[in-house]
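Student: Take this structure, written in structure tokens, and hold onto it; I'll ask about it next.
There are 2 protein chains.
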Amino acid sequence: MKPLTLDAPSKNAALGASPLLQGLAGQDLDCLARISVARRYDSGEMLFLAGDEAAGFFLVLDGQVKVSRFGSDGREQVIHLLGPGQPCGEVPVFEGGAFPATATALGRVDCLFLSRAAFLELAARRPQILLGMLAILSRRLRALVDLVDDLSLKEVTARLARHLLDLQREAGVDRVELETAKGTLASRLGMSPETLSRTLGKLQRQRLISVDGRTVRILDRGGLEGL
Amino acid sequence: MKPLTLDAPSKNAALGASPLLQGLAGQDLDCLARISVARRYDSGEMLFLAGDEAAGFFLVLDGQVKVSRFGSDGREQVIHLLGPGQPCGEVPVFEGGAFPATATALGRVDCLFLSRAAFLELAARRPQILLGMLAILSRRLRALVDLVDDLSLKEVTARLARHLLDLQREAGVDRVELETAKGTLASRLGMSPETLSRTLGKLQRQRLISVDGRTVRILDRGGLEGL
DNA sequence: GCGCCGGCTTGACCTGAATCAAGGCGCTCG
DNA sequence: CGAGCGCCTTGATTCAGGTCAAGCCGGCGC
Numbered sequence: 001m002k003p004l005t006l007d008a009p010s011k012n013a014a015l016g017a018s019p020l021l022q023g024l025a026g027q028d029l030d031c032l033a034r035i036s037v038a039r040r041y042d043s044g045e046m047l048f049l050a051g052d053e054a055a056g057f058f059l060v061l062d063g064q065v066k067v068s069r070f071g072s073d074g075r076e077q078v079i080h081l082l083g084p085g086q087p088c089g090e091v092p093v094f095e096g097g098a099f100p101a102t103a104t105a106l107g108r109v110d111c112l113f114l115s116r117a118a119f120l121e122l123a124a125r126r127p128q129i130l131l132g133m134l135a136i137l138s139r140r141l142r143a144l145v146d147l148v149d150d151l152s153l154k155e156v157t158a159r160l161a162r163h164l165l166d167l168q169r170e171a172g173v174d175r176v177e178l179e180t181a182k183g184t185l186a187s188r189l190g191m192s193p194e195t196l197s198r199t200l201g202k203l204q205r206q207r208l209i210s211v212d213g214r215t216v217r218i219l220d221r222g223g224l225e226g227l
Numbered sequence: 228m229k230p231l232t233l234d235a236p237s238k239n240a241a242l243g244a245s246p247l248l249q250g251l252a253g254q255d256l257d258c259l260a261r262i263s264v265a266r267r268y269d270s271g272e273m274l275f276l277a278g279d280e281a282a283g284f285f286l287v288l289d290g291q292v293k294v295s296r297f298g299s300d301g302r303e304q305v306i307h308l309l310g311p312g313q314p315c316g317e318v319p320v321f322e323g324g325a326f327p328a329t330a331t332a333l334g335r336v337d338c339l340f341l342s343r344a345a346f347l348e349l350a351a352r353r354p355q356i357l358l359g360m361l362a363i364l365s366r367r368l369r370a371l372v373d374l375v376d377d378l379s380l381k382e383v384t385a386r387l388a389r390h391l392l393d394l395q396r397e398a399g400v401d402r403v404e405l406e407t408a409k410g411t412l413a414s415r416l417g418m419s420p421e422t423l424s425r426t427l428g429k430l431q432r433q434r435l436i437s438v439d440g441r442t443v444r445i446l447d448r449g450g451l452e453g454l
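The listed protein sequences derive, respectively, from chains A and B. The numbering of the first sequence is the numbering used here, which starts it at 1 and goes up by one. The numbering of the second sequence is the numbering used here, which starts it at 228 and goes up by one.
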């Protein structure tokens with residue numbers, strides 16, 4: 001981790017771009033910009049470990065952060081993938097205690113650190129950001145319910161199909177790009193890399209998709225939905 | 228579902244007992260009591276189904292509510308078990324859209340229904356309840372991360388052991404009572420009833436616990452922690 | 001009392017996915 | 001250019017836990 005110096009305008013712009021802080025007045029952003037600290041992490045560096053005491057939370061400005069848990073045997077389950085504008089490690093701000101999971105930089109990541117106290121102080125003056133935070137936590141809750149559903153009630157083929165359809169819905173086109181390395185995707189879907197590889201192969205043989213590196217083309221959307 | 232008539236004082240007391248609304252002034256509780264609707268559900272009745280459009284959320288006053296998802300084959304995964312004072316179905320209040328899961332009454336349940344608009348109107352006047360809500364969502368997020376961790380990274384024996392230790396920590400004594408039927412517990416832990424039965428038997432044979440109906444006695448806490 | 005029903009247990013079997021092991025392909029770096 | 005290293009694929013094997021199928025037990029209505 002390196003401290004990172006951002007000039008006030010760019011910090012301000014970065015803050016304003018977050019859905020969390022949208023609708024905040026310029027002077028509030030200025031205030032936030034003053035009390036936040038910019039940091040840069042290199043690929044693979046950890047922002048925090050599950051169990052660390054939390055003094056505040058992070059706001060991702062640039063890059064991608066992986067939030068995951070590790071089993072006693074080293075196996076990993078990815079919980080969230082966070083991009084620019086997303087808060088990271090916010091749970092202990094409202095509930096106290098430690099971070100529930102570990103956050104790792106995937107590639108270079110720039111972010112802001114906001115102390116718990118500073119954020120709560122701002123929230124007391126501008127309660128609407130609490131609504132923004134509630135919306136974000138709600139979305140995460142929904143995503144986690146889907147993940148639990150996947151892990152417990154669906155077989156791997158269905159999980160993968162759903163994920164591909166999700167990506168396609170976001171992208172809008174039939175040619176989608178996997179947002180991470182296949183190994184990471186496997187861990188996000190709760191399967192081994194070998195199984196992911198085999199399952200992609202199977203779907204390809206069934207003419208439902210075609211795979212080229214990290215690019216996947218959806219050939220038969222209906223067929224995928226049938227799983 | 229039956230409409231339920233509560234006199235103002237008891238409704239008021241019920242509201243005040245929720246951690247969500249703690250610290251609210253008497254007049255705010257009065258206001259809430261006026262805008263909320265009390266309802267009673269019989270065992271097995273559903274408060275809402277996953278996918279239903281949400282006009283508001285529920286506050287459990289008495290009894291226990293099971294929040295779960297069902298797989299296409301009918302298998303069930305319990306997401307939360309909610310007792311008195313807990314809000315239920317609150318996610319769509321902040322994010323819009325439908326309920327993410329299905330809520331079922333386990334035994335007779337009394338609750339209040341609060342419309343989205345009424346709650347948000349109150350929140351605008353008393354932002355501290357947003358902090359209360361954030362704390363509750365944070366706790367649920369933490370619980371869900373633990374559930375994902377269990378399902379993906381732990382084997383069934385470890386899940387069961389952890390659950391028993393959780394119960395014991397809450398109860399404080401070595402003799403703990405399962406809060407639901409064993410079938411429901413199995414579904415909560417993401418395993419089949421048969422497997423739960425076998426695993427309880429195994430732990431018993433290892434002299435780590437002893438089971439009598441719904442009562443479990445922890446014999447070797449260290450041994451359980453080792454899993 | 002007797003039969004029935006729902007919830008639990010037990011046993012036999014099956015299968016989906018993990019694991020282990022061995023390459024292959026495409027990098028970057030010396 | 002070739003060595004070495006990540007990352008991915010492919011094949012063989014294993015195993016945890018699900019499914020299916022019987023019984024068992026306790027409560028409850030008749």
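In this text, a Cβ means the ideal position worked out from N, Cα and C, and glycines have one as well.
Indicate the three-state DSSP secondary structure (helix, strand or coil) for B/L339 in the structure shown.
Tutor: In the structure shown, B/L339 sits in a strand (DSSP, three-state: E or B).
Student: Round the Cβ separation of B/R296 and A/V145 to the nearest angstrom and send it over; I've been treating them as touching at under 8 Å.
Tutor: With 8 Å as the limit, B/R296 and A/V145 qualify as a contact, their Cβ atoms being about 7 Å apart.
Student: Should B/R415 go down as buried or exposed, given a rule of 16 or more other Cβ atoms within 10 Å for buried?
Tutor: That one is buried.
Student: At the 8 Å Cβ level, is B/K293 part of the contact set with chain A, yes or no?
Tutor: Taking Cβ atoms only, chain A never reaches closer than 8 Å to B/K293, which makes this a no.
Student: Please work out which residues of its chain come closer than 7 Å, Cβ to Cβ, to B/S245, disregarding the five sequence neighbours upstream and downstream, and give them in chain order.
Tutor: The residues are L286, G312.
Student: Is A/S36 close to chain B? Criterion is C-beta to C-beta, closer than 8 Å.
Tutor: Judged by the 8 Å Cβ criterion, A/S36 is not in contact with chain B.
Student: State the beta-bridge partners of A/V216 as determined by DSSP.
Tutor: Bridge partners of A/V216: A/V176, A/V211.
Student: What first and last residue would you give for the beta strand (DSSP E) that runs through A/K66?
Tutor: Taken as a continuous stretch (DSSP letters only), the beta strand (DSSP E) holding A/K66 covers 56 to 70.
Student: For the region 304 to 318 of chain B, which residues have a CB atom closer than 7 Å to at least one CB atom of chain A, in sequence order?
Tutor: Within the region 304 to 318 of chain B, the residues whose Cβ lies closer than 7 Å to some Cβ of chain A are Q304, I306, V318, listed in chain order.
Student: A/P193 CB to nearest chain B CB: under 8 Å?
Tutor: No, A/P193 lies away from the interface with chain B (no Cβ there is under 8 Å from its Cβ).
Student: For the beta strand (DSSP E) holding B/Q304, just list the boundary residues, first then last.
Tutor: First-last of the beta strand (DSSP E) with B/Q304: 303 to 309.
Student: When DSSP builds the beta bridges, which residues end up paired with A/R34?
Tutor: In the DSSP output, where bridge partners are listed per residue, A/R34 has none listed.
Student: Cβ atoms of A/L61 and A/D110: under 8 Å apart, would you say?
Tutor: Contact flag set, yes.
Student: Does the CB of B/E322 have a neighbour CB from chain A at under 8 Å?
Tutor: Interface residue, yes.
Student: Is B/R352 close to chain A, meaning its C-beta is less than 8 Å from at least one C-beta of that chain?
Tutor: No, because no Cβ of chain A sits closer than 8 Å to the Cβ of B/R352.
Student: Pick out whichever of A/T102, A/V93, A/D73 has its Cα sitting closest to the Cα of A/L81.
Tutor: Taking only the C-alpha atoms, the option nearest A/L81 is A/T102.
Student: Just the Cα atoms here: how many angstroms apart are A/G168 and A/A135?
Tutor: A small fix is needed here, since residue 168 of chain A is Gln in this sequence, not Gly. Rounded to the nearest angstrom, the two C-alpha atoms are 23 Å apart.
Student: If we ignore side chains and look at the alpha-carbon of each, how far apart do A/E170 and B/A350 end up?
Tutor: So the two alpha carbons sit approximately 32 Å from each other.
Student: Do A/L141 and B/L446 have their C-beta atoms within less than 8 Å of each other?
Tutor: It is not a contact, given that the beta carbons lie outside the stated cut-off.
Student: Which runs of the alpha helix (DSSP H) fall wholly inside the region 231 to 255 of chain B and span at least 4 residues, in chain order?
Tutor: If we require 4 residues or more, the alpha helix (DSSP H) runs fully inside the region 231 to 255 of chain B come out as 235 to 244.
Student: Is the beta carbon of A/F57 sitting closer than 8 Å to the one on A/C88?
Tutor: A contact, by the Cβ cut-off of 8 Å.
Student: Once you ignore the five residues that flank A/S36 on each side, which residues in its own chain have a CB closer than 6 Å to its CB?
Tutor: The answer, listed in chain order, is L112, L114.
Student: Closer than 8 Å, CB to CB, is B/G298 near chain A or not?
Tutor: Closer than 8 Å to some Cβ of chain A, the Cβ of B/G298 qualifies, so yes.
Student: In chain B, which residues lie less than 7 Å from A/L153 when you measure between Cβ atoms?
Tutor: The answer, in chain order, is R296, G298, R302, Q304.
Student: Taking the CB atoms as reference points, tell me whether A/V91 and B/L374 lie closer together than 8 Å.
Tutor: Cβ atoms of A/V91 and B/L374: not closer than 8 Å.
Student: Do you know offhand how far B/P204's Cα is from B/D269's?
Tutor: Absent from the structure is residue 204 of chain B, since the part of chain B shown begins at 228 and ends at 454.
Student: Taking the DSSP output, what are the residues bridged to A/A105?
Tutor: Answer is A/V65, bridged to A/A105.
Student: Whole angstroms is fine: what's the gap from B/L358's alpha carbon to A/Q22's?
Tutor: Rounded to whole angstroms, B/L358 to A/Q22 spans 19 Å at the Cα level.
Student: Looking at C-alpha atoms only, which residue of B/G290, B/L378, B/I356 is the closest neighbour of B/R335?
Tutor: Closest by alpha carbon: B/G290.
Student: Return yes when the C-beta of B/V383 is under 7 Å from any heavy atom of the ligand FAD, and no when it is not.
Tutor: No copy of the ligand FAD appears in this structure; indeed no ligand is present at all.
Student: Kindly say whether A/S138, judged by its beta-carbon, lies nearer than 8 Å to any beta-carbon of chain B.
Tutor: It does; some Cβ of chain B falls within 8 Å.
Student: Here's the rule I'm using: 16 or more other beta-carbon atoms within 10 Å means buried, otherwise exposed. How should A/T228 be labelled?
Tutor: Nothing about residue 228 of chain A can be reported from this structure: the residues present for chain A run from 1 to 227 only.
Student: Cα separation between B/R366 and A/M133?
Tutor: If you take the alpha carbons of B/R366 and A/M133, they lie about 14 Å apart.
Student: Here's the rule: buried if 16 or more other CB atoms are within 10 angstroms of the residue's CB, otherwise exposed. What is B/L391?
Tutor: Buried, by the Cβ-count rule.
Student: Quick check: the Cα distance between B/L405 and B/V305, rounded to an integer number of angstroms?
Tutor: Roughly 15 Å separates the two Cα atoms.
Student: Quick one: what's got a C-beta closer than 6 Å to A/V176's C-beta in the same chain, skipping five residues either side?
Tutor: Cβ neighbours of A/V176 beyond the five flanking positions: L167, Q168, V216.
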